[in-house]
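There are 2 protein chains.
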Amino acid sequence: MQAIAVRRGEDHPTIIEKPRPDPGEGEALVRTLRVGIDGTDHEVISGSHGGYPQGADHLVLGHEAVGVVEEPGDTDHDVGDIVVPTVRRPPGESNKYFERGQPDMAPDGEYFECGIIGTHGFMSEYFTAPGKYLIEVPESLAELGFLIEPISISEKAFEHAYASRSAFEWDPESAMVLGNGSLGLLTLAMAIHTEPFDRTYCLGRRDRPDPTIDIIETLGATYVDSRETPVDEVPAAHEGMDFIYEATGYPPHAFQTIDALAPNGVGALLGVPDPWEFEIDGGALHEEFVLHNKALIGSVNSNIDHFDAAVDTLDALPDWLCDDLVTGVYGLSELHRAFEDGDDVIKTAIEF
Amino acid sequence: MQAIAVRRGEDHPTIIEKPRPDPGEGEALVRTLRVGIDGTDHEVISGSHGGYPQGADHLVLGHEAVGVVEEPGDTDHDVGDIVVPTVRRPPGESNKYFERGQPDMAPDGEYFECGIIGTHGFMSEYFTAPGKYLIEVPESLAELGFLIEPISISEKAFEHAYASRSAFEWDPESAMVLGNGSLGLLTLAMAIHTEPFDRTYCLGRRDRPDPTIDIIETLGATYVDSRETPVDEVPAAHEGMDFIYEATGYPPHAFQTIDALAPNGVGALLGVPDPWEFEIDGGALHEEFVLHNKALIGSVNSNIDHFDAAVDTLDALPDWLCDDLVTGVYGLSELHRAFEDGDDVIKTAIEF
Chain W
1 MQAIAVRRGE
11 DHPTIIEKPR
21 PDPGEGEALV
31 RTLRVGIDGT
41 DHEVISGSHG
51 GYPQGADHLV
61 LGHEAVGVVE
71 EPGDTDHDVG
81 DIVVPTVRRP
91 PGESNKYFER
101 GQPDMAPDGE
111 YFECGIIGTH
121 GFMSEYFTAP
131 GKYLIEVPES
141 LAELGFLIEP
151 ISISEKAFEH
161 AYASRSAFEW
171 DPESAMVLGN
181 GSLGLLTLAM
191 AIHTEPFDRT
201 YCLGRRDRPD
211 PTIDIIETLG
221 ATYVDSRETP
231 VDEVPAAHEG
241 MDFIYEATGY
251 PPHAFQTIDA
261 LAPNGVGALL
271 GVPDPWEFEI
281 DGGALHEEFV
291 LHNKALIGSV
301 NSNIDHFDAA
311 VDTLDALPDW
321 LCDDLVTGVY
331 GLSELHRAFE
341 DGDDVIKTAI
351 EF
Chain X
1001 MQAIAVRRGE
1011 DHPTIIEKPR
1021 PDPGEGEALV
1031 RTLRVGIDGT
1041 DHEVISGSHG
1051 GYPQGADHLV
1061 LGHEAVGVVE
1071 EPGDTDHDVG
1081 DIVVPTVRRP
1091 PGESNKYFER
1101 GQPDMAPDGE
1111 YFECGIIGTH
1121 GFMSEYFTAP
1131 GKYLIEVPES
1141 LAELGFLIEP
1151 ISISEKAFEH
1161 AYASRSAFEW
1171 DPESAMVLGN
1181 GSLGLLTLAM
1191 AIHTEPFDRT
1201 YCLGRRDRPD
1211 PTIDIIETLG
1221 ATYVDSRETP
1231 VDEVPAAHEG
1241 MDFIYEATGY
1251 PPHAFQTIDA
1261 LAPNGVGALL
1271 GVPDPWEFEI
1281 DGGALHEEFV
1291 LHNKALIGSV
1301 NSNIDHFDAA
1311 VDTLDALPDW
1321 LCDDLVTGVY
1331 GLSELHRAFE
1341 DGDDVIKTAI
1351 EF
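Sequence order for the protein chains is W and X.
Per the numbering used here, the very first residue in the first sequence carries number 1; after that it's consecutive.
Per the numbering used here, the very first residue in the second sequence carries number 1001; after that it's consecutive.
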């Protein structure tokens, strides 16, 4: 079968031939329908994040997949079920995080991530997965099911952020998403359609006309241009935010978020930047953190409960949004286009 | 009656004469027994924190009090009840934070704090307070009741920190308190006697012999000298911490905490520093925050539930601890000694 992989020593995706995998005990064979591409894939390809399976000369890419069960084996699934795989797998031996159903809380070294670190991803005509790591989704979501994994990431971030505010009566009204990439736009849509916010904002650094600004405004949110309004000036220009979701990976934003929050607000950090030293007014930020009961939470990956919630969320999002968000679905013959970046590209997927 | 106040334009406490207050509707008259002194009092005296009641030429100090009800008025209290007052009061009109019983979550301008900002404190022979802001405590705690307010501060910090970890199965084992002042030592004792930690640490910058190191080690915790082991090197020297409580007000600690936490750990920030610019590796800290699901929460003040919990906590702490912690209880004639600082001073109180 054909697969899309990055080879050791290379920094671009390549189509390779691999044997079709045989499902082991407790595993199903899944025929891949589509696999989404995100910033993590680009980081894996460039070598700045992730790592190859032990002894392998390549890593099959892809962690945002939707497929159809071809051979259910001894799993609870049936032939023809539409399924989305979760991303983390035990690194050999299982551990308490997997046994609890919370592999998203496992630290470094206690997990592999399909298509990212330690084990192959889903960008191949077929893949196998333990039945318990396959989420069944309605047939109506077969085409867009590759959006369930990124939505699940934000389901977790919302859940952890709200938990941090659960010791008191919190009545959030305003939310801002930092970043107008596909994850930022999906999360903005979630904040509007499935979360409790009255007023929403999305930060970017683009000139009009721009398709992401169009989506932001059609959703009913306010576009904030970070070149005019730095994150820590957002309260003066607009209002303090009860909730901030950082999806830029730009580390000054992580710290400016403290000032941009309203009293009792919470910021969820999702970006994974490289080291970068810079100056902050640590005294003022520390004081602001304390005197206004603010919170920051870091959030990575997601577990099965978040995938299940993401299925309902995707179903609740307006059709036009996904149409506008998914700017390209490409076959293997147009591989390079699927990985291209540009202001007119929001979200792409590979179709098998 | 006599009261201890700071006068506008001065930077030291003075004994003044004031009329004994008359309790209004819903208020009780309380005869003051003892009032503790903490870092906030020193900040108020120096003018770096807090503010005078409108139109007043002085501020009566003191927010850590215990007293006995002298005139219960129309409150639910009885003559002779031992009571501890909460600290926040509505600034004129009430607001939703007070109505919810969560004035600790009110932002700037929506509260006064007795003895700190906007309204007089408890360092006088008598004070009045609405009955609902007076916590009844057992007679056995009459002498040490002034420790209930600082313990309530940590009850809130623990509650908010745990809430931030409530979206997953968290099994904290290690805790570190940054700061060996009286609040740090009380919190360390709480971490050992009433919280779920197996291993505890306390950070200071003192040479032995030192009475705070003696307390740390008698409690069974490990003393960490920050001159030898900076906060962000604690995981290498000891272990990553599931919980960190920052009570130093030293802003680099707020950010070093991110590195000092174990995966899935939470840091509670309590210090209130002045502005101070310095450099951080914001990229590395941002990445660490995200990839290990860490959390930071700021926490200030406390509400009635935290005071109630603090009564039980104080009752559960060993007698020797409070004996060693309270290094001086002084009458008005020794006022200056009560406000003196030094390596042999841990916690002092004024006795009326």
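Ideal Cβ placement from N, Cα and C applies to all residues, glycine included.
Please read these numbers as outputs of a predicted model, since none were measured by experiment.
Per DSSP, which one or two residues make a beta bridge with residue i?
i: Gly-109 of chain W; result: BP columns for Gly-109 of chain W are empty, so no partner.
i: Met-241 of chain W; result: W:Leu-261
i: Ala-28 of chain W; result: W:Ala-129
i: Pro-1013 of chain X; result: X:Val-1006
i: Lys-18 of chain W; result: DSSP, once it has assigned bridges, lists no residue as partnering Lys-18 of chain W.
Could you check whether the Cβ of residue i sits closer than 9 Å to any Cβ belonging to chain W?
i: Trp-1320 of chain X; result: no
i: Pro-1273 of chain X; result: yes
i: Tyr-1245 of chain X; result: no
i: Phe-1255 of chain X; result: yes
i: Pro-1252 of chain X; result: yes
i: Ala-1310 of chain X; result: no
i: Gly-1283 of chain X; result: yes
i: His-1286 of chain X; result: yes
i: Leu-971 of chain X; result: Residue 971 of chain X is absent from the model: chain X starts at 1001 and stops at 1352.
i: Met-1241 of chain X; result: no
i: Gln-1102 of chain X; result: yes
i: Phe-1098 of chain X; result: no
i: Gly-1249 of chain X; result: yes
Determine the direct distance from the alpha carbon of residue j to that of residue i, and round the result to whole angstroms.
i: Gly-1179 of chain X; j: Thr-1248 of chain X; result: 5 Å
i: Glu-1233 of chain X; j: Ile-1258 of chain X; result: 11 Å
i: Asp-1324 of chain X; j: Ala-1237 of chain X; result: 29 Å
i: Ile-297 of chain W; j: Val-1290 of chain X; result: 8 Å
i: Leu-1059 of chain X; j: Tyr-1126 of chain X; result: 15 Å
i: Asp-1022 of chain X; j: Asp-1078 of chain X; result: 17 Å
i: Gly-271 of chain W; j: Arg-89 of chain W; result: 22 Å
i: His-1193 of chain X; j: Met-1176 of chain X; result: 14 Å
i: Tyr-1245 of chain X; j: Glu-1169 of chain X; result: 21 Å
i: Asp-1198 of chain X; j: Pro-1107 of chain X; result: 36 Å
i: Val-1068 of chain X; j: Val-1311 of chain X; result: 16 Å
i: Ala-1157 of chain X; j: Ser-1299 of chain X; result: 6 Å
i: Leu-1269 of chain X; j: Ala-1254 of chain X; result: 7 Å
i: Pro-1263 of chain X; j: Arg-20 of chain W; result: 37 Å
i: His-1355 of chain X; j: Asn-293 of chain W; result: Given that chain X is displayed from residue 1001 to residue 1352, the structure contains no residue 1355 of chain X and the question cannot be resolved.
i: Ser-1226 of chain X; j: Asp-1319 of chain X; result: 29 Å
i: Thr-1200 of chain X; j: Ala-1221 of chain X; result: 5 Å
Measure from the C-beta of residue i to each C-beta in chain X and report whether the shortest distance is under 9 Å.
i: Asn-264 of chain W; result: yes
i: Arg-88 of chain W; result: no
i: His-160 of chain W; result: yes
i: Ile-116 of chain W; result: no
i: Ile-280 of chain W; result: yes
i: Ala-236 of chain W; result: no
i: Ala-163 of chain W; result: yes
i: Ser-166 of chain W; result: yes
i: Glu-169 of chain W; result: yes
From what residue to what residue does the beta strand (DSSP E) around residue i run?
i: Ser-1174 of chain X; result: 1174-1178
i: Gln-1102 of chain X; result: Counting along the chain, Gln-1102 of chain X falls outside any beta strand (DSSP E), and DSSP gives it neither H nor E.
i: Asp-225 of chain W; result: 222-225
i: Ala-1065 of chain X; result: 1064-1071
i: Phe-127 of chain W; result: 126-130
i: Lys-1294 of chain X; result: It is not in any beta strand (DSSP E) - Lys-1294 of chain X carries neither H nor E in the DSSP assignment.
i: Asp-319 of chain W; result: It is not in any beta strand (DSSP E) - Asp-319 of chain W instead sits in the alpha helix (DSSP H) that spans 319-325.
i: Ile-1346 of chain X; result: Per DSSP, Ile-1346 of chain X belongs to no beta strand (DSSP E) and is neither H nor E.
i: His-1049 of chain X; result: Where His-1049 of chain X is concerned, there is no enclosing beta strand (DSSP E), given that its DSSP letter is neither H nor E.
i: Glu-277 of chain W; result: 277-281
i: Leu-134 of chain W; result: 134-136
Considering just the uninterrupted stretch of the alpha helix (DSSP H) at residue i, what are its terminal residues?
i: Phe-1307 of chain X; result: 1304-1316
i: Met-190 of chain W; result: 182-193
i: Thr-1248 of chain X; result: Unbroken run through Thr-1248 of chain X: none, as it is neither H nor E.
i: Val-1044 of chain X; result: 1039-1046
i: Glu-217 of chain W; result: 211-218
i: Ala-1338 of chain X; result: 1335-1338
i: Phe-1158 of chain X; result: 1148-1164
So does the stretch 92-99 of chain W actually touch the stretch 31-39 of chain W, counting three or more Cβ pairs closer than 8 Å? no
Would you call the stretch 1136-1152 of chain X and the stretch 1337-1346 of chain X in contact, with 3 or more CB pairs under 8 Å? no
For the structure I just gave you, are there three or more beta carbon pairs, one from the stretch 129-143 of chain W and one from the stretch 273-285 of chain W, closer than 8 Å? no
By the 9 Å beta-carbon criterion, what residues does the stretch 1294-1305 of chain X contribute toward chain A? Absent from the structure: chain A. Protein chains present are W and X.
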